[in-house]
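Student: Below are the structure tokens for one structure; questions will follow.
What follows is the structure, encoded as structure tokens:
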């Protein structure tokens with residue numbers, strides 16, 4: 013039996029101010045290779061990280077791991093923040109929220 017090594021794409025956004033979902037889309041666009049026509053909404057993000065076929069950068073890795081600080085949108089208890097966090101619940105993505113020192 014051959015076990016394939018996991019090839020993660022790690023996007024570290026710690027230290028970056030992410031106060032809104034637009035800030036998040038701006039932060040992940042370049043390191044994730046999002047095309048200009050990317051929808052900048054949570055449904056489009058789910059399709060990108062789970063279904064694939066939108067970003068060649070993400071598609072070339074087995075898993076996407078995004079690190080963020082527990083502040084801004086990731087500290088908020090609003091619906092958008094919860095929905096964004098839930099988009100990472102699949103097998104091909106992980107959101108790691110770090111407590112601030």
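In this note's numbering, the protein residues as written are 13 to 113.
In this text, a Cβ means the ideal position worked out from N, Cα and C, and glycines have one as well.
These numbers come from a predicted model, not from an experiment.
1) For the beta strand (DSSP E) that residue 105 lies in, which residues bound it at each end?
2) Does the stretch 88-103 come close enough to the stretch 37-46 to have 3 or more Cβ pairs within less than 8 Å?
3) DSSP three-state call for residue 24: helix, strand or coil?
4) Among residues of its own chain, excluding the 5 on either side of residue 32, which ones have a beta-carbon nearer than 7 Å to its beta-carbon?
5) Look at the alpha carbon of residue 36 and the alpha carbon of residue 63, and state the distance between them as a whole number of angstroms.
6) Determine which residues share a DSSP beta bridge with residue 80 and list them.
7) What is the rounded straight-line gap between the Cα of residue 74 and the Cα of residue 18?
8) Starting from residue 30, follow its DSSP beta bridges and name the residues at the other end.
Tutor: By the coordinates alone:
1) 105-110
2) no
3) strand
4) 85
5) 20 Å
6) 109
7) 6 Å
8) The partner list for residue 30 (beta bridge, DSSP) is empty, contrary to what the question assumes.
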